[in-house]
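Notes follow once the structure below has been shown.
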Amino acid sequence: MFDFGFWELALILVISLIVLGPERLPVFAAQLGSWIKKIKVFAENIKLNIESETKVTELKKIIEEQKSEISEIKDMVDKDSNEVK
Numbered sequence: 008m009f010d011f012g013f014w015e016l017a018l019i020l021v022i023s024l025i026v027l028g029p030e031r032l033p034v035f036a037a038q039l040g041s042w043i044k045k046i047k048v049f050a051e052n053i054k055l056n057i058e059s060e061t062k063v064t065e066l067k068k069i070i071e072e073q074k075s076e077i078s079e080i081k082d083m084v085d086k087d088s089n090e091v092k
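Heads up: the sequence shown begins at 8 in this note's numbering, then just goes up one per residue.
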């Protein structure tokens, strides 16, 4: 997703150390890691929900196709049974 090299990360670390100080930097890093984890879990849940909905839609389409085929077969059977009578 992000393409950071060593020097970019080092620069971010130095700026963070200057802005936050050595006391608050570990706490901030832990909170940042926690937020990133929550965002990843949230994104994965959204992805799974979308895939699930897609499968439901596909299943509904298959069911409708089967109903149509069953209706055609029923009509054929009714037609044949009328011819036999």
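Even glycine gets a Cβ: it sits at the ideal position worked out from N, Cα and C. Please read all numbers here as calculations on a predicted model, not as lab measurements.
Inter-residue Cα distance where the pair is residue i and residue j
i, j, result
"P33", "I46", "20 Å"
"S23", "F13", "15 Å"
"V91", "K68", "35 Å"
"Q73", "K86", "20 Å"
"R31", "A50", "28 Å"
"I77", "N52", "37 Å"
"N56", "V48", "12 Å"
Same chain, Cβ closer than 6 Å to residue i, five either side skipped, listed in chain order
i, result
"E65", "none"
Close-in-space but distant-in-sequence residues of the same chain around residue i (CB under 8 Å, 5 per side omitted)
i, result
"E58", "none"
Residue-chain proximity (residue i, chain B), Cβ-Cβ < 8 Å
i, result
"K62", "The chain labelled as chain B is not found in the depicted structure, where only one protein chain is given."
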